[in-house]
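Student: Before anything else, here's the structure in question.
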Amino acid sequence: MDTSFAVKVIRWTKDYSGDDPFTTPILLQDANGPCPLIALVNSLLIKNDILHHKWHHDWASVPADVKARMARIDEFNQQLMKHATSSQKISLNELLTHLGDLVLFFSQNTMVDIDQVLNQLPRLHTGLDVNPNLINGTFAGNDLASTLFGIFDLKFRHGWCVNQVDPETDEWPHDYNYETTVDTLYRLQTFDRAQDFLLSSDDDAAKQLVNKWLDVNRTQLTNNGLSRLNIDAADDEVLVFFRNNHFNTLYKRGNHEFYLLVTDMSVQKSNKIIWQSLNSISGSDDLFFTGEFYPVLEMDDTNDADTDLAKQLQQEEDAALARKMQDQYDKKPRGMRSRMQIRRKEKGAQDPAPSSMLIDDEDPPEESMIPKPKSMSTPPTKRVVKAASPAAAPAASSSKKKKVCVIM
């Protein structure tokens with residue numbers, strides 16, 4: 001049976017007036033859904049709405065290439081709208097085909113290996129490798145996620161950044177030297193290198209400090225990270241945001257005013273809950289908001305149940321999934337590069353081992369899963385500059401490569 005995704009139509013505006021609302025189809029996520037794919041699609045659609053609003057009164061001055069790209073997203077929007085008003089779902093294969101068409105169009109005149117990106121699109125459904133830079137809120141390397149989001153001019157950011165002077169939490173032990181911790185993390189820079197350091201270094205004292213920092217910041221968000229995000233993102237900008245091993249659509253509405261698009265299936269029938277604020281590390285100050293950015297304070301019984309369930313799911317993720325991020329590391333040969341991989345737990349699969357860091361065999365994408373864009377009658381031509389060619393997953397072979405994975 002073909003995998004499919006629920007499609008919901010939301011109505012929202014950029015201000016409190018409710019005038020000229022956007023009507024946007026978005027994809028929803030079930031308990032173990034493939035969030036990279038959902039985050040990409042929803043971010044593209046929300047960003048396109050904002051661009052239409054921006055150029056509404058000055059359409060004649062919009063560059064021709066921008067108009068063409070917006071038109072392509074409009075066509076994709078219309079296709080999803082048809083599904084939303086009929087079956088309320090779209091199949092994975094059809095979704096990947098639409099994305100393949102968009103990748104071909106948006107990557108024209110770029111130094112991107114188109115074949116490679118198209119062949120890796122199914123990994124949006126099964127998982128993506130990411131390597132957070134713990135200093136500046138970006139991601140290290142030319143990984144598929146950064147390459148793909150970059151094709152669509154979407155920033156890919158996180159807020160898991162070390163504070164140079166303040167541990168930011170009462171959990172930090174007074175007898176742990178924070179200055180040494182910062183120096184070590186600045187030397188390591190990325191999560192991958194920190195993980196390798198914990199596995200291979202003989203400096204037990206420094207390993208203890210790094211492990212403690214990762215543990216007390218297990219929600220993968222810091223106040224310093226939020227401040228960096230506020231500087232890096234422009235007002236009215238849509239980003240793909242990574243936190244708690246999930247990819248999200250994040251909208252910066254104004255200075256220090258961040259909203260996450262709510263895509264959980266628990267709010268599928270709710271017309272009120274559209275956004276969730278991102279104001280605090282613990283989530284205690286975060287509220288749900290309507291499409292007009294009014295806080296959802298008074299709700300009927302159905303919406304109240306939706307809110308409770310959505311908050312419960314978020315709390316469970318914070319308390320269970322992210323807390324185990326650094327609890328345990330499986331042994332591996334010294335010097336072997338480990339990657340943090342975000343993966344979907346297959347339906348019917350057994351629960352993972354107590355540690356969230358598991359060694360798993362990863363199969364290459366099946367041939368039938370590789371999208372075949374409608375606009376192509378022959379395989380796409382490679383447009384590659386070797387020095388700028390993005391990193392790719394290993395090609396299919398008879399041998400399987402072991403990876404360190406986070407199972408979702």
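So that you can map any letter, position 59 of the sequence shown is 59 in the UniProt record's numbering, and since no number is skipped, the others follow by simple counting. Glycine included, each C-beta is placed from N, C-alpha and C at the ideal position.
1. What does the Cβ neighbour count give for aspartate 113, buried or exposed, with the cut at 16 atoms within 10 Å?
2. Which value, in whole angstroms, describes the spacing of the CA atoms of threonine 180 and lysine 207?
3. Do asparagine 77 and asparagine 48 have their beta-carbon atoms positioned less than 9 angstroms apart in this structure?
4. Tell me the residue span of the alpha helix (DSSP H) that contains aspartate 58.
5. Exposed or buried, which one is arginine 187 when buried takes at least 16 other CB atoms within 10 Å?
6. Quick one: give me the first and last residue of the beta strand (DSSP E) that glutamine 4 is part of.
7. When the Cα atoms are used, what is the spatial distance from isoleucine 168 to arginine 69?
8. For the structure I just gave you, are there three or more beta carbon pairs, one from the stretch 5-21 and one from the stretch 112-130, closer than 8 angstroms?
9. If you draw a straight line from the C-alpha of isoleucine 10 to the C-alpha of aspartate 196, how long is it?
10. Does DSSP put asparagine 77 in a helix, a strand or coil?
11. How would you call asparagine 224, buried or exposed, if buried means at least 16 neighbouring beta carbons within 10 angstroms?
12. By the 10 Å Cβ neighbour count, where 16 or more other Cβ atoms means buried, how is glutamine 108 classified, buried or exposed?
13. For the structure I just gave you, are there three or more beta carbon pairs, one from the stretch 251-264 and one from the stretch 223-241, closer than 8 angstroms?
14. Would the beta-carbon of asparagine 248 fall within 9 angstroms of that of leucine 261?
15. Report the rounded CA-to-CA distance for aspartate 232 versus tryptophan 160, giving the unit in angstroms.
16. Could you check which residue in Leu221, Gln268, Asn136, Ala205 has the C-alpha nearest to that of glutamine 88?
17. Please say whether valine 117 and leucine 148 have beta carbons closer to each other than 9 angstroms?
18. Name the DSSP beta bridge partners of phenylalanine 258, please?
19. Entirely within the stretch 76-118 and at least 3 residues each: give me those beta strand (DSSP E) ranges in chain order.
20. How close, in whole Å, do the beta carbons of leucine 45 and proline 25 come, if the pair is a contact with beta carbons under 8 angstroms?
21. Please give me, in chain order, every unbroken run of the alpha helix (DSSP H) with length at least 4 that falls completely inside the stretch 208-252.
22. Aspartate 2 and methionine 265: beta carbons closer than 9 angstroms?
23. Please work out which residues of its chain come closer than 8 angstroms, Cβ to Cβ, to serine 4, disregarding the five sequence neighbours upstream and downstream, and give them in chain order.
24. Would you please state the rounded distance, in angstroms, between the beta carbons of valine 216 and tryptophan 172? I believe it to be under 8 angstroms.
25. Less than 9 angstroms between the C-beta atoms of leucine 51 and valine 41, yes or no?
26. Do alanine 140 and glutamine 220 count as a contact pair if the criterion is CB distance below 9 angstroms?
27. Going by the beta-carbon positions, is the gap between phenylalanine 152 and phenylalanine 106 smaller than 9 angstroms?
28. So leucine 128 is in the beta strand (DSSP E); what residue range does that whole segment cover?
29. The alpha helix (DSSP H) with glutamine 195 in it runs from where to where?
30. To which residues does DSSP link serine 277 through a beta bridge?
31. Checking the sheet assignment: what are the DSSP bridge partners for lysine 155?
32. Over the uninterrupted beta strand (DSSP E) stretch that includes leucine 27, give me the two end residues.
33. Is the Cβ of isoleucine 26 closer than 9 angstroms to any Cβ of chain D?
34. Are there 16 or more other CB atoms within 10 angstroms of the CB of serine 201, so buried, or fewer, so exposed?
35. Let me know the secondary structure DSSP gives phenylalanine 293 once reduced to three states.
Tutor: Answer, in terms of the structure:
1. Here the question's residue 113 lines up with position 113 in the sequence shown. Label assigned to aspartate 113: buried.
2. Residue 180 sits at position 180 when you count from the first residue of the sequence shown. Residue 207 sits at position 207 when you count from the first residue of the sequence shown. So the two alpha carbons sit approximately 11 angstroms from each other.
3. Taking the sequence shown and counting its residues from 1, the one referred to as residue 48 is at position 48. Taking the sequence shown and counting its residues from 1, the one referred to as residue 77 is at position 77. Their beta carbons are under 9 angstroms apart, which means asparagine 48 touches asparagine 77 by this criterion.
4. Indexing the sequence shown from 1 puts residue 58 at position 58. Unbroken run through aspartate 58: none, as it is neither H nor E.
5. Within the sequence shown, the letter at position 187 stands for residue 187. When all chains shown are included, arginine 187 counts as exposed.
6. The sequence position of residue 4 within the sequence shown is 4, counting from 1. With the sequence shown as reference, residue 4 is identified as serine, and glutamine is not the correct amino acid for it. First-last of the beta strand (DSSP E) with serine 4: 4-12.
7. As a working mapping, residue 168 is identified with position 168 in the sequence shown. As a working mapping, residue 69 is identified with position 69 in the sequence shown. The displayed chain sequence assigns glutamate, not isoleucine, to residue 168. C-alpha separation (whole angstroms): 42 angstroms.
8. no
9. In the sequence shown, residue 10 corresponds to position 10, counting from 1. In the sequence shown, residue 196 corresponds to position 196, counting from 1. So the two alpha carbons sit approximately 44 angstroms from each other.
10. On the sequence shown, position 77 is the one that residue 77 refers to. Correct three-state label for asparagine 77: helix.
11. Reading the sequence shown from its first residue, position 224 is the one you call residue 224. Classification for asparagine 224: buried.
12. The residue you call residue 108 lines up with position 108 of the sequence shown. Burial call: exposed.
13. yes
14. For this step, residue 248 is matched to residue 248 along the sequence shown. For this step, residue 261 is matched to residue 261 along the sequence shown. For asparagine 248 and leucine 261, yes; Cβs fall inside 9 angstroms.
15. Here residue 232 refers to the residue found at position 232 when the sequence shown is read from its first residue. Here residue 160 refers to the residue found at position 160 when the sequence shown is read from its first residue. Approximately 14 angstroms between the Cα atoms of the pair.
16. By 1-based counting over the sequence shown, the position of residue 88 is 88. Cα-wise, what sits closest to glutamine 88 is Gln268.
17. Taking the first residue of the sequence shown as 1, we reach residue 148 at position 148. Taking the first residue of the sequence shown as 1, we reach residue 117 at position 117. Yes, Cβ-Cβ distance for leucine 148 and valine 117 is below 9 angstroms.
18. As a working mapping, residue 258 is identified with position 258 in the sequence shown. In DSSP, phenylalanine 258 forms a bridge with Lys252.
19. 89-91
20. The residue labelled residue 45 in the question sits at position 45 within the sequence shown. The residue labelled residue 25 in the question sits at position 25 within the sequence shown. Contact flag correct, Cβ pair sits at about 7 angstroms.
21. 223-232
22. Taking the first residue of the sequence shown as position 1, residue 2 is located at position 2. Taking the first residue of the sequence shown as position 1, residue 265 is located at position 265. Cβ atoms of aspartate 2 and methionine 265: not closer than 9 angstroms.
23. Start at 1 with the first residue of the sequence shown, and residue 4 comes out as number 4. Cβ neighbours of serine 4 beyond the five flanking positions: Lys89, Ile90, Ser91, Leu92.
24. Stepping through the sequence shown from its first residue, residue 216 is reached at position 216. Stepping through the sequence shown from its first residue, residue 172 is reached at position 172. At roughly 6 angstroms, the Cβ-Cβ gap stays under 8 angstroms, so valine 216 and tryptophan 172 are in contact.
25. In the sequence shown, residue 51 corresponds to position 51, counting from 1. In the sequence shown, residue 41 corresponds to position 41, counting from 1. Not closer than 9 angstroms, so no.
26. On the sequence shown, position 220 is the one that residue 220 refers to. On the sequence shown, position 140 is the one that residue 140 refers to. No. Outside cutoff.
27. Here residue 152 is taken as the residue at index 152 of the sequence shown, counted from 1. Here residue 106 is taken as the residue at index 106 of the sequence shown, counted from 1. Yes, Cβ-Cβ distance for phenylalanine 152 and phenylalanine 106 is below 9 angstroms.
28. To locate residue 128, count along the sequence shown from 1; it is residue 128. Leucine 128 -> beta strand (DSSP E) spans 127-130.
29. Locating residue 195 in the sequence shown gives position 195, where the first residue counts as 1. Here the alpha helix (DSSP H) through glutamine 195 covers 191-200.
30. Taking the first residue of the sequence shown as position 1, residue 277 is located at position 277. Answer by DSSP bridge pairing, in chain order: Tyr259.
31. Position 155 of the sequence shown, counted from the start, is the residue given in the question as residue 155. Lysine 155 is bridged to Leu239.
32. Residue mapping note: residue 27 aligns to position 27 of the sequence shown, counting from 1. 22-27 is the span of the beta strand (DSSP E), which, as asked, contains leucine 27.
33. No chain D appears in this structure, which consists of one protein chain only.
34. The count along the sequence shown starts at 1 and reaches residue 201 at position 201. Label assigned to serine 201: exposed.
35. Mapped onto the sequence shown, residue 293 falls at position 293. In the structure shown, phenylalanine 293 sits in coil (DSSP, three-state: anything other than H, G, I, E or B).
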